[in-house]
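Participant: Pasting in a structure now, in structure tokens, and then I'll have a few things to ask.
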Amino acid sequence: MDEQINYNLKQLSSWKRIFFMLIFAAIGSLVRMLLWAVIILQVVSTLITGKANVNTLNFGRSLSIYTYHILLFLTFNTETLPFPFSDWNMTAELNLPEPKKSAK
1 MDEQINYNLK
11 QLSSWKRIFF
21 MLIFAAIGSL
31 VRMLLWAVII
41 LQVVSTLITG
51 KANVNTLNFG
61 RSLSIYTYHI
71 LLFLTFNTET
81 LPFPFSDWNM
91 TAELNLPEPK
101 KSAK
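Residue numbering for the sequence shown is 1 to 104, as defined by full-length UniProt numbering.
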């Protein structure tokens, strides 16, 4: 058992992953703050114009998908590094609903 632990501790791949996990945990915190800015912009837009801003809606959607990628990596559900080490929107199997069109 001790030999297995020593072997695991000496694996460079484990330490590299931990390093990237720390980086993406910090990036995830910054992205969360940016998402709050998007939320506030959408609330203001809705109060002023009566509908959500389409550009902000798409940007918020991209940030949400990016956050999803980061969380998948941090929880060991994927070995694929998130952006900038892979494509921005790489989760093809993620089925998000299309944004609703405003009736106004």
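We put the CB at the ideal spot given by N, CA and C, even for glycine.
1. Taking just the CA atoms, how far does Ile27 sit from Lys104?
2. Quick check on DSSP: helix, strand or coil for Glu79?
3. Helix, strand or coil for Trp88, going by three-state DSSP, please let me know.
4. In the DSSP assignment, find the alpha helix (DSSP H) that holds Gln4 and state where it starts and stops.
5. If you draw a straight line from the alpha carbon of Ser14 to that of Asn8, how long is it in whole angstroms?
6. Report the rounded CA-to-CA distance for Gln42 versus Arg61, giving the unit in angstroms.
Facilitator: Looking at the atomic coordinates:
1. Counting from 1 along the sequence shown, the entry for residue 104 is found at position 104. Counting from 1 along the sequence shown, the entry for residue 27 is found at position 27. Reliability fails at Lys104, whose pLDDT of 48 lies under 50, so the model's placement of it is uncertain and the value that follows must be treated cautiously. Their backbone Cα atoms lie some 37 Å apart in a straight line.
2. Within the sequence shown, residue 79 is the residue found at index 79, counting from 1. Reduced to three states, the DSSP call for Glu79 is coil.
3. In the sequence shown, residue 88 corresponds to position 88, counting from 1. Coil at Trp88, not helix or strand.
4. Taking the sequence shown and counting its residues from 1, the one referred to as residue 4 is at position 4. Per DSSP, Gln4 belongs to the alpha helix (DSSP H) from 2-9.
5. Counted from its first residue, the sequence shown places residue 14 at position 14. Counted from its first residue, the sequence shown places residue 8 at position 8. Roughly 8 Å separates the two Cα atoms.
6. Along the sequence shown, one-based indexing puts residue 42 at 42. Along the sequence shown, one-based indexing puts residue 61 at 61. Straight-line Cα distance between these residues: approximately 12 Å.
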